[in-house]
Every structure is written in C-alpha cells, then in structure tokens.
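In our numbering, the protein residues as written are 264 to 675. Virtual Cβ for every residue (Gly too), placed ideally from N, Cα, C. Input: a single structure, listed below in structure tokens.
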C-alpha cells in the first residue's frame with residue numbers, strides 16, 4: 264500500500280499513466296553515429312576495398328583446389344613445399360574399349376605426369392635407407408620427368424590446333440552434324456532442279472548437280488515384333504491386375520466403387536487412405552464427439568417437445584421433415600430462382616394483362632361473329648323478299664302494259 268503522506272499531493276494526475284522524460288535517444292538510434300560514414304570523411308588511415316563479385320566469379324569459375332601434398336609449414340627438409348594446385352576444367356577418362364581423342368589423351372598424360380612427379384618426390388623421402396644405386400637413379404628420373412612435363416606444357420594443343428578443331432575432336436558427332444548442315448545449305452533444290460537432267464543423270468549412273476540422294480530402309484518384322492511386345496506387356500499387366508483385384512463384378516464391388524472405373528476407384532481408395540492419417544483421425548474424432556453431444560442435446564429437446572404432442576402432429580412433423588429432406592438439393596437454387604422471379608415480376612404482370620386483353624378481344628370477336636351471322640341471315644331474308652316483290656312488280660307491270668295496249672287499240 265502506498266505511503267499516505269504522498270496522497271493528495273498537488274500536480275499529480277492519478278488517472279493518467281506515468282511519463283518519464285529524458286534527453287537520451289532511443290536505443291535503436293544511440294549507435295547511429297558509430298556507423299555514420301559521412302562523419303569519417305576521406306581519412307587516409309581507413310582503406311576501402313572495391314570488390315566486384317562478377318569479376319571474382321569470372322576469375323575463379325571452373326577452378327578446383329587439390330589438397331593433396333599441401334604443406335604450409337616452415338620445416339627444413341629436402342621436400343619441396345607446395346600449396347594448392349589449381350586445376351580448371353572437367354577431365355574425363357574414356358571407358359574400356361573406347362577410343363581416346365587427342366585432347367583426352369593430352370589431358371590424361373598431364374594428369375599422369377603430375378601424379379608421377381608426386382610419387383617420385385615421395386619416394387625420394389623414403390629412399391634414404393636404401394642402396395646407393397637406387398638413390399642415385401632418382402635425380403636422373405626426376406630431371407627426365409621435368410623435361411617431359413616441360414615438353415607437354417610447351418605443346419599447347421589449344422593454341423596450335425585451334426578452337427574449331429578441338430571442338431570437333433571433343434565432339435565428333437556434333438562436328439559431323441554441322442558438316443552435314445553446311446553441305447545441305449549449299450544445295451539449291453528450287454533453282455537447279457530439272458526432271459530431264461535428273462533422268463539423264465540416272466541413266467548415266469551419277470547424280471545431277473543440286474540433288475541429294477537418300478535411301479530409307481524399313482523392317483516390317485521389327486515393327487510387328489514391337490507391337491507384339493507391347494501387347495504382351497499390356498496383357499501381363501492386365502493379368503496381374505486381375506489376380507490382385509479380381510475380374511468378376513462381385514470382387515470389384517468389394518472396393519466400394521460401384522459402377523466406377525478402376526482409376527476412379529483407385530482415387531476413391533487413396534482419398535480414404537489419406538483420411539486415416541493420425542492428424543486427420545484426431546480432428547475427425549473431435550468432430551464426431553462434438554456431433555454426438557449435439558445429437559444428444561437435440562434428442563433431449565425433441566423428447567421434451569414431442570412429449571406433449573399427439574401422434575397425428577408427430578406424423579405431420581415427420582412428413583414435413585421427409586419433404587424438406589427430399590427438397591434439400593433444391594435449397595441451393597431457390598435464392599437464385601427467387602431473385603429471378605422478382606426481376607421478372609413486372610414482365611409477368613404485363614404478360615397477365617396482355618393475356619387478359621387477348622381474352623377480351625376473343626369475347627368481342629365471338630360477339631361480332633354472332634352478329635355477323637345474324638346480319639347474314641337478315642340479308643338473305645331481305646334478298647328473298649326483294650326477289651318476290653320484284654317478281655310481283657314485274658307481273659303487275661306486264662298486266663298494266665297489256666291493259667294499256669288494249670285501251671290504245673280500242674280507241675283506234
């Protein structure tokens with residue numbers, strides 16, 4: 264507990280965090296002056312090295328150090344102190360029965376000469392206790408070896424033969440390929456080709472200028488043999504699969520694939536096997552335990568709810584549940600369908616009004632057709648009456664005309 268004599272002092276804010284002020288810099292900025300190159304200036308006592316990584320890589324690329332017989336000590340002995348032997352390039356020895364190229368033979372001789380020099384220098388150290396004849400022969404051999412090594416070093420095949428010839432010796436197949444491409448480029452088939460010249464050249468037994476003769480050979484037996492080998496190999500693989508899995512539908516049904524193919528069944532089995540991973544099993548067990556607890560809770564709630572319901576209501580609830588279960592796959596498309604129906608509401612209303620208008624037009628058309636049939640009957644009746652009246656009027660006119668004629672004849 265705080266000392267009560269410091270309580271309720273003036274100028275102390277009890278509802279705010281404590282703040283301590285200092286003139287020092289933060290920790291991350293305290294050592295900034297030590298690494299400030301601008302403060303150093305162009306001092307002569309400091310040497311700055313300008314090293315280029317690219318130049319160093321070019322200098323030491325393809326080099327290798329040989330640590331054998333390396334001696335950096337200052338002991339006094341007749342053996343020559345040697346450091347690292349830097350060798351560049353990859354030297355390869357040909358296999359048994361293969362022919363060496365001149366470059367490979369030159370490199371092999373250089374390597375063997377160096378190994379021989381190293382062995383002679385080692386023997387010179389161990390030959391002190393041997394007879395004088397052998398000890399006198401080592402300097403002679405040493406001088407001869409030095410002369411031979413100097414001759415090899417003075418040979419310099421790379422400079423005397425040239426880069427093109429050395430590349431052809433190292434890769435004879437590539438050289439032949441380049442030579443063939445150069446020969447093919449010299450031919451001008453499109454400009455100098457003539458059927459008559461080629462026919463005359465064939466009769467004479469030699470090729471015409473600008474033509475290339477080639478010959479293709481085909482072995483049908485070899486192709487048939489390859490096909491037979493592939494079919495045999497495929498049949499063996501099918502037999503092995505049938506022996507492992509089975510050829511009958513009953514045996515294939517044990518895999519749980521149903522009517523699926525072997526590839527789909529294998530993928531299904533691999534997915535099931537992946538589920539047996541301990542990490543996934545622990546997660547599945549946790550989910551199952553959580554699900555079982557939720558199911559127990561749901562069962563308790565359903566038992567408490569269904570205790571007061573009668574059998575008819577329970578039957579209706581079960582029927583509704585079955586209907587909801589059957590239409591569960593439609594629940595994903597119901598929101599889209601509802602949005603579509605809402606967007607088409609106005610169009611449906613216009614379509615309904617249009618259908619209503621068409622119904623009214625049909626009713627009007629029916630009434631007009633009924634009136635038309637009635638008018639047609641009336642017109643027929645009028646026509647018949649007109650015909651009868653016209654016949655009566657004609658008869659009357661004929662009788663009137665006969666009477667007039669009679670009166671005229673009687674007056675004369």
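At which residues does the alpha helix (DSSP H) containing residue i begin and terminate?
i           : result
residue 278 : Here residue 278 belongs to no alpha helix (DSSP H), and DSSP marks it neither H nor E.
residue 605 : 597-606
residue 374 : 365-389
residue 483 : 483-508
residue 582 : 574-589
residue 531 : 525-538
residue 284 : That residue, residue 284, is in no alpha helix (DSSP H); it is neither H nor E in DSSP.
residue 310 : First-last for residue 310: undefined, no H or E at that position.
residue 292 : 290-293
To the nearest angstrom, report how far apart residue i and residue j are at their CA atoms.
i           : j           : result
residue 381 : residue 316 : 35 Å
residue 535 : residue 322 : 57 Å
residue 501 : residue 486 : 23 Å
residue 314 : residue 325 : 20 Å
residue 375 : residue 334 : 21 Å
residue 677 : residue 540 : With the chain covering only 264 through 675, there is no way to say anything about residue 677.
residue 561 : residue 600 : 32 Å
residue 644 : residue 666 : 33 Å
residue 671 : residue 660 : 16 Å
residue 496 : residue 523 : 25 Å
residue 658 : residue 620 : 56 Å
residue 556 : residue 527 : 35 Å
residue 454 : residue 448 : Residue placement at residue 454 is poorly supported in this model, since its pLDDT is 44, which falls under 50; the coordinates still yield a value, given next. Their backbone Cα atoms lie some 13 Å apart in a straight line.
residue 280 : residue 290 : 22 Å
residue 489 : residue 505 : 24 Å
residue 388 : residue 340 : 9 Å
residue 578 : residue 597 : 27 Å
residue 635 : residue 608 : 40 Å
residue 438 : residue 379 : 35 Å
residue 407 : residue 383 : 12 Å
residue 283 : residue 309 : 41 Å
residue 639 : residue 623 : 24 Å
residue 545 : residue 537 : 13 Å
residue 654 : residue 615 : 58 Å
residue 575 : residue 564 : 19 Å
residue 503 : residue 516 : 18 Å
residue 581 : residue 612 : 38 Å
residue 656 : residue 675 : 29 Å
residue 651 : residue 669 : 27 Å
residue 628 : residue 586 : 47 Å
residue 647 : residue 637 : 15 Å
residue 444 : residue 529 : 51 Å
residue 409 : residue 363 : 25 Å
residue 553 : residue 543 : 15 Å
residue 662 : residue 641 : 31 Å
residue 513 : residue 602 : 48 Å
residue 276 : residue 287 : 25 Å
residue 456 : residue 498 : Residue placement at residue 456 is flagged as unreliable, the pLDDT there being 48, under the threshold of 50; a coordinate-derived value is accordingly withheld.
residue 590 : residue 583 : 11 Å
residue 442 : residue 492 : 38 Å
residue 446 : residue 440 : 10 Å
Verify the CB distance criterion: does residue i have a CB-CB separation below 7 Å to chain B?
i           : result
residue 277 : The structure shown has no chain B; it contains just one protein chain.
If you compare alpha carbons, which of the options is closest to residue i?
i           : options               : result
residue 507 : 310, 637, 278 and 525 : 525
residue 411 : 278, 440 and 373      : 373
Consider the C-beta atom of residue i and the heavy atoms of the ligand ATP; say whether any pair is separated by less than 6 Å.
i           : result
residue 338 : By its list of ligands, the structure shown contains no ligand whatsoever, and the ligand ATP lies outside what it can speak to.
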